[in-house]
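These protein sequence lines are chains Z and P, in that order. Note that this note's numbering numbers the first sequence so that position 131 is 134, with each residue one more than the last. Note that this note's numbering numbers the second sequence so that position 27 is 29, with each residue one more than the last. Where is the CB? At the ideal position from N, CA and C, for every residue including glycine.
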Amino acid sequence: MKKILTAVLTLAMLAGAAGLATAQAKKVTVWCWDPNFNGYSMKQAAEVYNKAHPEVTIEIVDIPQQIESKIEAGLQAGGAGLPDIALFQDFQIERFIANYPGIFADLKAAGVDYSQFAAYKVGIMSEKGKVYGIPFDTGSTGLYLRSDYLKQAGVNPDNYLKELTWKDILALGKTVKAKINKSLIAYDSTDYQFLRMIVQSTGGQFFDAAGKLNLNTPAVKAGLQVLKDLNDAGVLYQTEGWNNWVSAFNNGDAAGMVSAVWLIGTLKSQPANAGKWMVAPTPRLEGVAGAQNASNWGGSSWYVFDKAKNKAAAIDFLKSVWASKDPASLGFYNTILKGAGAMGTYLPSRTGATYTASDEFFYKNQKVYADFAKWMEKVPAVRYTANFNAMGTALTASISKYLKGDLKTPDAVVADATTAYNQQVQ
Amino acid sequence: MNQKGAFAKYLNRMGWLFVTPALVLFSVFLLYPIVSSLYLVTRKWKGLTDSFIGMGNFVRMANDSLFWHSLGTNFFLMAIQIPIMVILALVLAVVLNQGIRRFRGFFRLMFFLPAVTSLVAYSILFRILLQTNGMANNLLMGMGVLTEPIAWLNDPFWANMTIIVALTWRWTGYNMIFFLVGLQNIDNEIYEAAEMDGANKVYQFFRITLPLLVPVILFSAVTSTSGMLQLFDEPNILTNQGGPANATMTAALYIYRQAFVLNSDFGYATALSYMIVILAGFFAWAQIRILGGSKK
């Protein structure tokens, strides 16, 4: 027995010593989920940082599926197995800030100047004078269209490179459907983002000031009507899930879609489509006050865990690369835009050459990045709250019933989604 | 005497030593979660904040129509899929046991292979095959079976059929192996005797094979039922988180979403999982009563 006990104790001590040794080597671990996008960007940032700080190793771990669940499991286990830095989608973060108080390091106290970041990104990560994250990318949206399909349908693409309304797009969709039998817009039926983008473009909200769900607004109801009209006219190309949606427009089954600036990398993965794509401003929702030709989809930000082993090194890394006017940092923001289509929200970085360059992948060498950056300034802010996931789940189900005809009016959709939400969130 | 007592003591000590690892693992992974769930279930648990609400989680459960809907999905899938699978597995086992002589090992392997593929991998594959512009629709339309593509994943009825097909594909071979073992345990002399008495093959099957296989059928039905009550991966991946419009939402998936996606509400999720445990226990008891009764 004694021997066994001794052996076990020795092993435990060895393991402890090993733990100590890795801590001294200063390794900052980062979790993100797309090696071609945010993982690529972090890798570029690490290279910039390592020039001045070769002693710090930055390890980037790709978590392709359900990163939030994994982090949540780690938090329940008192922080076991968590990295130093993690990337969170903007619409997920308020749930963590509300339900897990004190888990993130306050970066404002660490000296980050937040006036230099896009305001709509900073708002959601702030709480009682503290600011927790480093804003990463914008999800400024536009209407992507295949100019060659428009031409085949007898439409001049140039007439659509300006600010239009959903009524114009519905008419265009009907023309394209009638002439060449293609649906204009690829639509993911497992998601509610399409409606969310329409609502956000008007400055419309899903929650009231007290954080209570309120779907009974002109923006939500008018948006639902647009969705239904597009669907019934055959303008939506129905797909199930992300991969199916991507293949629909990359293979040319659909003539376009509404999406964000970060999709450009995905489009370019299909070089055969060079010169065909064009991006119009996000269509405006007619008849709703405050409607803009701009909206946002997605975008995420970096957060440091307060209990992280290498918290100081992690904060120093984020601060000196992601929030600095140093020429190397500004060059870095240009690199990730060029290499991955990742458009940062650090305002001083927007003067770089990549932002103003014309892009030959697009129809008539459109200066897409300049356009998206211009639209970004007009994006109205949306409140996410801790219950945005539950709202989205309820809305996705109700929209699906609406498009199938089981729910008849926008009012019925609002009532159905509200009931489902209230049962799931208490 | 003394010597013998010391040896017994030694044996006793060794005995405890051998069961210690099992006891430790049992306490850490079973006893502790069960005991702590008794505490968890009485609390409103949001992430790291929690407060006592007594039976509040159960009151909430009673009023949660989506939870009852998702339990209904479990029962619907169970009622259709398990009989299909058990009958299919039985037929395959009999054919492989008596019908086919050549390549028997090969066929056994092919039917069993789906059971060892990764749940995630096969769900994703089925997903790609069954999307509206996927291979299944293209093939059926090319052969002229369909004129319009079927929305396998996007229509409430077809999404449930998709799950049934996928589950049957994956688990039939697994159950078939149990039936094969059961068949091989039936003494050939019984069949010979029956033949002497003039019983034909069909009569033999229903009067000899089936009754003697009852314990195996029981085992297969009980494990499949408790598996169905915990159904998670297929609706999560294949039909995209219980879609369309919660048509394939199962209880286990709903519990996961309450804890890890929607609410961080681990107290409520625990209360919901109590319901599953009670139901699984009840079904196991009922099946043993019904099928086991014939053995007496």
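| Check | Outcome |
| --- | --- |
| To which residues of the same chain is residue 214 (chain Z) closer than 7 Å at the C-beta, ignoring the five residues directly before and after it? | 388 |
| Need the endpoints of the beta strand (DSSP E) that residue 284 (chain Z) sits in, please. | 280-284 |
| Fully enclosed by the region 131-156 of chain Z, which beta strand (DSSP E) runs are 3 residues long or longer? | 136-138 and 144-149 |
| Would DSSP call residue 13 (chain P) helix, strand or coil? | helix |
| Write down the C-beta distance between residue 61 (chain Z) and residue 320 (chain Z) rounded to the nearest angstrom, noting that I regard them as a contact closer than 8 Å. | 7 Å |
| Spell out a yes or no on whether the region 56-69 of chain P and the region 262-279 of chain P are touching, meaning 3 or more CB-CB pairs, one atom from each, closer than 8 Å. | yes |
| Once the 5 residues before and after residue 218 (chain Z) are set aside, which same chain residues still bring their CB inside 7 Å of it? | 209, 417, 420 and 421 |
| Taking 8 Å as the threshold, find out whether the region 238-251 of chain P comes into contact with the region 149-160 of chain P through three or more Cβ pairs. | yes |
| I'd like to know whether the C-beta atoms of residue 277 (chain P) and residue 71 (chain P) end up nearer to each other than 8 Å. | no |
| Bridge partners of residue 120 (chain Z), per DSSP? | Z:349 |
| Leaving out five residues before and five after residue 26 (chain Z) in sequence, what residues of the same chain have Cβ atoms less than 7 Å from its Cβ? | Confidence is the limiting factor: at residue 26 (chain Z) the pLDDT is only 44, short of 50, which leaves the residue's position unreliable, though a coordinate-based value still follows. Answer for residue 26 (chain Z): 312, listed in chain order. |
| Could you run through the region 240-256 of chain P and flag, in chain order, every residue whose CB is less than 7 Å away from some CB of chain Z? | 242, 245, 246, 247 and 248 |
| Extract the residue ranges of the beta strand (DSSP E) inside the region 71-102 of chain Z, only unbroken runs of 3 or more that lie entirely within it. | 88-92 |
| Is the beta carbon of residue 240 (chain P) less than 8 Å from the beta carbon of residue 129 (chain P)? | yes |
| Give a yes or no on whether the C-beta atoms belonging to residue 258 (chain Z) and residue 44 (chain Z) are separated by under 8 Å. | no |
| I need the DSSP call for residue 273 (chain Z), collapsed to helix, strand or coil. | coil |
| At the level of alpha carbons, what is the spacing between residue 15 (chain Z) and residue 114 (chain Z)? | Low confidence applies to residue 15 (chain Z): its pLDDT is 49, below 50, so where it sits in the model is not reliable enough to give any reading. |
| Beta-carbon separation of residue 87 (chain P) and residue 177 (chain P) under 8 Å? | yes |
| Does the distance from the CB of residue 156 (chain Z) to the CB of residue 177 (chain Z) come in under 8 Å? | no |
| Quick one: what does DSSP say residue 190 (chain Z) is sitting in, helix, strand or coil? | strand |
| Can you list the residues of chain Z that residue 266 (chain P) reaches, using a CB-CB cut of under 8 Å? | 75, 98, 102 and 103 |
| I'd like to know whether the C-beta of residue 418 (chain Z) is nearer than 8 Å to at least one C-beta of chain P. | no |
| Do you know how far the Cα of residue 287 (chain P) is from the Cα of residue 214 (chain P)? | 21 Å |
| Select from Z:396, Z:304 and Z:91 the residue whose C-alpha is nearest the C-alpha of residue 196 (chain Z). | Z:396 |
| Thinking C-alpha only, which one of Z:33, Z:414 and Z:385 is nearest residue 212 (chain Z)? | Z:385 |
| Consider the Cβ of residue 232 (chain P): report whether some Cβ of chain Z lies at a distance smaller than 8 Å. | no |
| Can you pull the chain Z residues whose beta carbon is under 9 Å from the beta carbon of residue 62 (chain P), in chain order? | 426 and 429 |
| Using a beta-carbon distance below 8 Å, is residue 211 (chain P) in contact with chain Z? | no |
| Taking 8 Å as the CB-CB limit, is residue 244 (chain Z) close to chain P? | yes |
| Quick check on the burial criterion: 16 or more other C-beta atoms within 10 angstroms. Buried or exposed for residue 24 (chain Z)? | Residue placement at residue 24 (chain Z) is flagged as unreliable, the pLDDT there being 43, under the threshold of 50; the coordinate-derived value follows with that caveat. The residue is exposed, with fewer than 16 neighbouring Cβ atoms inside 10 Å. |
| Taking all protein chains shown into account, decide if residue 34 (chain P) is buried (16 or more other Cβ within 10 angstroms of its Cβ) or exposed. | exposed |
| Closer than 9 Å, Cβ to any Cβ of chain P: which residues of the region 369-393 of chain Z, in chain order? | 389, 390, 392 and 393 |
| Measuring alpha carbon to alpha carbon, tell me which residue in Z:381, Z:51 and Z:357 is nearest residue 370 (chain Z). | Z:357 |
| Going by other Cβ atoms of all chains shown within 10 Å of its Cβ, with 16 needed for buried, is residue 152 (chain Z) buried or exposed? | buried |
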